[in-house]
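The next block holds one structure in the form of structure tokens; read it before the comments.
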Amino acid sequence: MSDKALKPARKPPATAWKPGQSGNPKGRAQGSRNRATLAAQALIDGQADALMAKALEMALAGDAPVLKAMLDRLCPPRKDSPVTLAGLPKIEGAADLPKVTSTILEAVARGDITPSEGQALTGLVEGHRKALEAADFEKRLSTLEGQMGGTR
Numbered sequence: 458m459s460d461k462a463l464k465p466a467r468k469p470p471a472t473a474w475k476p477g478q479s480g481n482p483k484g485r486a487q488g489s490r491n492r493a494t495l496a497a498q499a500l501i502d503g504q505a506d507a508l509m510a511k512a513l514e515m516a517l518a519g520d521a522p523v524l525k526a527m528l529d530r531l532c533p534p535r536k537d538s539p540v541t542l543a544g545l546p547k548i549e550g551a552a553d554l555p556k557v558t559s560t561i562l563e564a565v566a567r568g569d570i571t572p573s574e575g576q577a578l579t580g581l582v583e584g585h586r587k588a589l590e591a592a593d594f595e596k597r598l599s600t601l602e603g604q605m606g607g608t609r
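Just so you know, the sequence shown maps onto residues 458 to 609 in our numbering.
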């Protein structure tokens, strides 16, 4: 056998990274950008007006991809749309909330609104419930403090 086969493997230096330890624990600096992005930005900065004018000219000349890109920038698609739900009961207090959520669930089951719209509406109802709860808590606390002779 050769001498190399008998030698034990060399120990890693004490400064080597331990398993599970990052070489850069803080990570990349927040907001930092790639060099290529910075270089492209530097090239474009002085030409932004000319580029926009040329793109507008091409779009008006009938270049469909440029026209689509311009319209997507000027008029982005709406992320949400209004939800119309007939028969939604008015919320006077916490006792009305189960009726409202039942109405929303029935509308989802019938297909009048989508499940995601129903979930959004239920989230709004939950927010309203928390507001009612906070107002009720404030009222009860004031009453108790008044009975104890304390001021608020």
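Yeah, the Cβ is synthetic: ideal placement off N, Cα and C, and Gly gets one too.
Minimum length 4: unbroken alpha helix (DSSP H) runs contained in the stretch 478-564: Qualifying alpha helix (DSSP H) stretches, in chain order: 492-502, 505-517 and 521-531.
Test item: CB-CB of V540 and I501 under 8 angstroms: Along the sequence shown, read from residue 1 onward, the residue named residue 540 stands at position 83. Along the sequence shown, read from residue 1 onward, the residue named residue 501 stands at position 44. Taking 8 angstroms as the Cβ cut-off, V540 and I501 do not qualify as a contacting pair.
For I561 and G575, believed in contact at Cβ under 8 angstroms, the rounded distance: Taking the sequence shown and counting its residues from 1, one reaches residue 575 at position 118. Taking the sequence shown and counting its residues from 1, one reaches residue 561 at position 104. At roughly 5 angstroms, the Cβ-Cβ gap stays under 8 angstroms, so G575 and I561 are in contact.
Test item: CB-CB of V582 and T558 under 8 angstroms: To locate residue 582, count along the sequence shown from 1; it is residue 125. To locate residue 558, count along the sequence shown from 1; it is residue 101. Yes, Cβ-Cβ distance for V582 and T558 is below 8 angstroms.
Coil, strand or helix - G606 by DSSP: Here residue 606 corresponds to residue number 149 of the sequence shown, with the count starting at 1. Of the three classes helix, strand and coil, the one that applies to G606 here is coil, per DSSP.
Separation of R490 from S479, as counted between CA atoms: The residue you call residue 479 lines up with position 22 of the sequence shown. The residue you call residue 490 lines up with position 33 of the sequence shown. Cα to Cα, S479 sits roughly 21 angstroms from R490.
Cβ-Cβ distance between L542 and A564 below 8 angstroms: As a working note, residue 542 is residue 85 in the sequence shown. As a working note, residue 564 is residue 107 in the sequence shown. Taking a C-beta distance under 8 angstroms as the contact criterion, L542 and A564 qualify as a contact pair.
Three-state secondary structure (DSSP) of D569: Indexing the sequence shown from 1 puts residue 569 at position 112. Shown here, D569 sits in coil according to DSSP, grouped into three states, outside any helix or strand.
Where L578 falls, given that 16 or more other Cβ within 10 Å makes a residue buried: Along the sequence shown, one-based indexing puts residue 578 at 121. Under this definition L578 is a buried residue.
Secondary structure of G471, DSSP reduced to three states: Here residue 471 corresponds to residue number 14 of the sequence shown, with the count starting at 1. With the sequence shown as reference, residue 471 is identified as Ala, and Gly is not the correct amino acid for it. Coil at A471, not helix or strand.
Simplified DSSP state of K464, which is helix, strand or coil: Locating residue 464 in the sequence shown gives position 7, where the first residue counts as 1. Three-state DSSP puts K464 in coil, outside helix and strand.
Minimum C-alpha distance to S531 - residue among H585, A512, R485 and R467: The count along the sequence shown starts at 1 and reaches residue 531 at position 74. Before going further, note that residue 531 is Leu rather than Ser in the sequence given. When each option's Cα is compared against that of L531, the closest is A512.
Cut-off 8 angstroms between Cβ atoms - residues of its own chain near A591, not counting five sequence neighbours on either side: Indexing the sequence shown from 1 puts residue 591 at position 134. Within the same chain, no Cβ atom closer than 8 angstroms to the Cβ of A591 is found once the five residues on either side in sequence are excluded.
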